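Okay, structure first, notes after.
2 protein chains.
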Amino acid sequence: MKIARNTTAKTAVLEIFEKSKTALSHAEIHKLTEDLCDRVTIYRILDRLVNDDVVHKIVNLDGTVKYAKCHHNAQRVHIHNHAHFSCEKCLEVTCLENVKPSYIIPHNYKVNDINFTLSGLCPNCLNSNI
Amino acid sequence: MKIARNTTAKTAVLEIFEKSKTALSHAEIHKLTEDLCDRVTIYRILDRLVNDDVVHKIVNLDGTVKYAKCHHNAQRVHIHNHAHFSCEKCLEVTCLENVKPSYIIPHNYKVNDINFTLSGLCPNCLNSNI
DNA sequence: TATCAAATGCAACATTGTTGCGTTTGATAT
DNA sequence: ATATCAAACGCAACAATGTTGCATTTGATA
Chain L
3 MKIARNTTAK TAVLEIFEKS KTALSHAEIH KLTEDLCDRV TIYRILDRLV
53 NDDVVHKIVN LDGTVKYAKC HHNAQRVHIH NHAHFSCEKC LEVTCLENVK
103 PSYIIPHNYK VNDINFTLSG LCPNCLNSNI
Chain Y
3 MKIARNTTAK TAVLEIFEKS KTALSHAEIH KLTEDLCDRV TIYRILDRLV
53 NDDVVHKIVN LDGTVKYAKC HHNAQRVHIH NHAHFSCEKC LEVTCLENVK
103 PSYIIPHNYK VNDINFTLSG LCPNCLNSNI
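Residue numbers (this note's numbering), protein chains in the order written: chain L, 3 to 132; chain Y, 3 to 132.
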């Protein structure tokens, strides 16, 4: 089994997640690290964090990929079944931790993961639109 | 206002959609047209079809983008609120026309579109796994 | 058949993500 | 403190995906 290490790059990425209220793309994270490390390293760090269930990957309606820190309570195996909201105006993606979809699916499908993303206007942009 | 035209390329793409039971990626469609037209043209045709609500765009959990023909009944404005299933094994994406999620979202969000994708094993692959 | 914009082809480019490989570095044991 | 060893890294190269500008072609209309 692999033994994970706490590298400067990984620590920096985790701090960035901690500070951010919204989900971040690879490019945004890379910019925020200010060339602390290579582009590829960010990809590898994100891969590991997703694998370790520290962050989750969010695929947006427009095809962009973002990452956000998990706030679950140390569950062993978990599905990120909460919704994500993607604002069409400010382009921010946020977790709606409490919005969970209910649905009925034919029994002959085996569901391992779900992605539930809503897009439209977030409270901020909705306000400034009036 | 723009007046759409029925070009050979567009007709070919629509036929491909008609024949396919699953959602198709840009690359798959391009291959199926057998170099009838340029790669860029496929992109532009797909853009138009999505805009005209003839096909809908499905973003998968792995970030891949696929397109499928809409089967709605001439609704004027509609949200593609049905679910999509993405098989981890055969990689096929299908529409689950009858699976619609229900959810409760805070009133200060304005939802314009939703993306609900499930991934796991489809009936075919589930069977062959036994 | 002339007209005119919609649609196309082509080239060039940007972004995103992956892989291989030699080097560096963090955690552990000595 | 230092040796050890693999995890993690940097770099280069590559592949896939998507976008844009512009000259050319083509489909629908008059």
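Positions of the beta carbon are idealized from the N, C-alpha and C atoms, including for glycine.
A quick note: this is a predicted structure, and the numbers were derived from the prediction, not measured.
Just the C-alpha distance for residue i and residue j, rounded to the nearest angstrom, thanks.
i	j	result
L/H109	Y/T24	19 Å
L/E20	L/T35	13 Å
L/Y105	Y/N100	10 Å
Y/A29	Y/K112	34 Å
Y/D115	Y/V56	16 Å
L/L93	L/T13	26 Å
Y/H86	Y/S22	15 Å
L/R7	L/E17	16 Å
L/I5	L/H32	25 Å
Y/M3	L/I44	45 Å
L/L120	Y/G65	16 Å
L/R46	Y/T9	44 Å
Y/V95	L/A11	36 Å
Y/R50	Y/H73	17 Å
L/C40	L/V15	In the sequence on display, residue 40 of chain L carries Asp and not Cys. So the two alpha carbons sit approximately 12 Å from each other.
L/V42	Y/P125	37 Å
Y/K59	L/D54	30 Å
Y/N129	L/N129	51 Å
With a threshold of 7 Å on Cβ separation, who are the neighbours of residue i within its own chain once the five nearest residues in sequence on each side are excluded?
i	result
Y/C127	C89, K91, C92
L/L123	C89, E90, K91, N131
Is the beta carbon of residue i sitting closer than 8 Å to the one on residue j?
i	j	result
Y/V61	Y/V52	no
L/L48	L/Y69	yes
L/I107	Y/L63	no
Ignore the nearest five residues each way along the sequence and tell me which others in residue i's own chain have a CB closer than 6 Å to its CB.
i	result
Y/F118	A85, P103
Y/K71	F19, V57
Who are the Cβ neighbours of residue i in its own chain at under 8 Å, not counting the five residues just before and after it?
i	result
Y/S27	T66, V67, K68, Y69
L/N83	K102, P103, I116, F118
Original post:
Which residues, in chain order, does the region 4-32 of chain Y contribute to contact with chain L at a C-beta distance below 7 Å?
Top reply: none
Original post:
For the region 28-58 of chain Y, which residues have a CB atom closer than 7 Å to at least one CB atom of chain L, in sequence order?
Top reply: none
Original post:
Taking Cβ-Cβ distances below 8 Å as the criterion, which residues of the region 81-96 of chain Y are in contact with chain L?
Top reply: A85, F87, E90
Subject >> Residues in the region 104-126 of chain L having any Cβ partner in chain Y nearer than 8 Å >> reply: S104, Y105, I106, I107, P108, N110, Y111, K112, V113, N114, D115, I116, N117, F118, T119, L120, S121, G122, L123, C124, P125
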